[in-house]
Amino acid sequence: MSQPPTPRGPVGYIVRIAGHLDAHWSAWFGNFTIKRESDGTTTLRGIVADQPELHGLLVKVRDLGVTLLSVEITEAPDA
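The sequence shown finishes on residue 81 if you use our numbering, and the numbering steps up by one all the way, no holes.
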């Protein structure tokens with residue numbers, strides 16, 4: 003079974019979580035924008051430099067105690 007290539011360098015991500023986060027969490031999530039969706043979820047959008055930074059973001063989501071719904075790679079930023 004072949005695996006998809008692992009992204010290297012800066013990559014855009016969309017992270018969806020259950021529930022609405024208040025705007026004051028913006029600073030904690032750094033360069034990620036927070037959007038409260040009409041379906042009751044919150045979308046975080048931003049760019050991470052590498053996999054360790056992505057894992058750090060996911061640790062923050064875990065530490066909040068919210069339900070992680072999805073993590074999606076978006077188009078890579080221009081080099």
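For each residue, glycine too, the CB sits at the ideal point set by N, CA and C.
Nearest residue (CA-CA) to residue i, options the options
i: alanine 21; options: Leu70, Ile75, Thr76, Glu77; result: The displayed chain sequence assigns glycine, not alanine, to residue 21. Selected option, being the one with the closest Cα: Leu70.
i: leucine 59; options: Asp24, Ala29, Ala25; result: Ala29
i: leucine 56; options: Val73, Ile19, His26; result: Val73
i: glycine 67; options: Pro12, Gly11, Leu23; result: Leu23
i: glutamate 39; options: Asp52, Ala51, Ala25; result: Ala25
Enclosing beta strand (DSSP E) for residue i [first to last residue]
i: leucine 46; result: 43-50
i: threonine 35; result: 35-38
i: glutamate 74; result: 70-75
Unbroken alpha helix (DSSP H) run spanning residue i, endpoints
i: leucine 60; result: 53-66
Environment of residue i [buried if 16+ CB atoms lie within 10 Å]
i: alanine 61; result: In the sequence as presented, alanine is not what sits at residue 61; that position holds valine. It is exposed - the Cβ of valine 61 has fewer than 16 other Cβ atoms within 10 Å.
i: proline 54; result: exposed
Same chain, Cβ closer than 7 Å to residue i, five either side skipped, listed in chain order
i: threonine 76; result: Gly14, Tyr15, Ile16
i: tryptophan 27; result: Ile36
Nonlocal neighbours in the same chain, by C-beta distance under 6 Å from residue i, ignoring five residues either side
i: aspartate 65; result: none
i: alanine 51; result: Pro12
Contacting residues, own chain, Cβ-Cβ under 8 Å from residue i (five flanking each side not counted)
i: glycine 42; result: Ala20, Gly21, His22
Point to revise | the segment 46-53 in contact with the segment 17-35 per 3-pair CB rule at 8 Å | key: yes
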